[in-house]
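Engineer: Every position in the sequence shown, counted from 1, becomes a number in the numbering used here once 28 is added. Below you'll find the structure I mean.
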Amino acid sequence: MLIDYHTHHVRCGHASGELEEYVKRGIEIGLTQLGLSDHMPLLHVDPQTYWPEMAMPMEELPRYVEECLHLKEKYKDQIDIRVGLEGDYIEGHEAQIAAIIQAYPWDYVIGSVHFLGEWDISDFRQLAGWEGKDIFAVYTQYYEAVKQAARTGLYDYIGHIDMIKRFGYVPDRDTWELEKAALDTVKECGLAIELNASGLRHPCKEMFPSRRMLEYCHKVGIPVTLGSDAHQPERLSQYLDEARELLKTIGFNEIATFSARKRHLVTF
Numbered sequence: 029m030l031i032d033y034h035t036h037h038v039r040c041g042h043a044s045g046e047l048e049e050y051v052k053r054g055i056e057i058g059l060t061q062l063g064l065s066d067h068m069p070l071l072h073v074d075p076q077t078y079w080p081e082m083a084m085p086m087e088e089l090p091r092y093v094e095e096c097l098h099l100k101e102k103y104k105d106q107i108d109i110r111v112g113l114e115g116d117y118i119e120g121h122e123a124q125i126a127a128i129i130q131a132y133p134w135d136y137v138i139g140s141v142h143f144l145g146e147w148d149i150s151d152f153r154q155l156a157g158w159e160g161k162d163i164f165a166v167y168t169q170y171y172e173a174v175k176q177a178a179r180t181g182l183y184d185y186i187g188h189i190d191m192i193k194r195f196g197y198v199p200d201r202d203t204w205e206l207e208k209a210a211l212d213t214v215k216e217c218g219l220a221i222e223l224n225a226s227g228l229r230h231p232c233k234e235m236f237p238s239r240r241m242l243e244y245c246h247k248v249g250i251p252v253t254l255g256s257d258a259h260q261p262e263r264l265s266q267y268l269d270e271a272r273e274l275l276k277t278i279g280f281n282e283i284a285t286f287s288a289r290k291r292h293l294v295t296f
């Protein structure tokens, strides 16, 4: 069972490749399931005045879903396509997020925290946002947002749960209690997380989440799915061999898959 549930394409503005290129690449490399999961349109900032190339325009959302469903049918005999959305959690905009989620027949919705207010902590162009900040305080704010996202009931799993470490900003004290509290909330809310392998190509040089977080997931029974977070077709499934090996080393023998918003655990 080879899956990749986290992918982005040209519509989001900061990725390249058409959806069909990802599908063809998935077939080429032998994926069993391919999740198409582009970013939800921006809700809390004006796309015309905010940083460019952040997410698909709202008018593109129905076209995105229509194309996903078309490709799912077209290639059904060659690859199992799952139609997803990376539904950025934005505090105070839960009703708008819910409206988007309820409007379309998603197989799964990823709950990811990218924004702390109007600061996108995942955007390399916005690293100045760290200047003068108490790093531990930023981590605390981030993990509070992760917990809030989990509690909304809007999502099927939490994406790159410790992505706050992406650019290598690390507090001078241990963050385990923050991480554990976020994972405990995920467990309480009945969600899964993803092992997002893309961290290996970022300054943190570590997958999202860390091994210690994965070990805790195994200990308490939090299911895990897999994603490369590919932004180019050639990066589809990048580092997922290492991700599967890490999960097996820890003791996982099942991964989470999703269909029509229902979770299924399968042996890998």
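We put the beta carbon where it would ideally sit given N, CA and C, even for glycine.
1. Suppose the cutoff is 7 angstroms on Cβ atoms and the five residues either side in sequence are ignored; what does the same chain contact list for G45 look like?
2. Please identify the residue among Y92, G139, L99, W134 whose C-alpha is closest to the C-alpha of E114.
3. DSSP three-state label for D162, please.
4. For E222, does the three-state DSSP call read helix, strand or coil?
5. Quick one: measure Cβ to Cβ for D135 and S287, integer angstroms, because I've assumed they're closer than 8 angstroms.
6. Pick helix, strand or coil for D32, following the three-state DSSP scheme.
7. Do C245 and R194 have their CB atoms nearer than 9 angstroms?
8. Got a sec, what are the start and stop residues for the beta strand (DSSP E) E114 sits in?
9. Taking the CB atoms as reference points, tell me whether R291 and A220 lie closer together than 9 angstroms.
10. What residues are listed by DSSP as bridge partners for R291?
11. So, helix, strand or coil for W147, using DSSP?
12. Between which residues of its own chain and S65 is the CB-CB distance below 8 angstroms, once the five residues before and five after are set aside?
13. Just the C-alpha distance for D108 and T60, rounded to the nearest angstrom, thanks.
Structural biologist: Reading it off the structure:
1. H37, V38, Q260, P261
2. G139
3. coil
4. strand
5. 5 angstroms
6. strand
7. no
8. 108 to 114
9. yes
10. F286
11. strand
12. Y33, H34, T35, H36, G112, L113, E114, Y136, I138, G255
13. 6 angstroms
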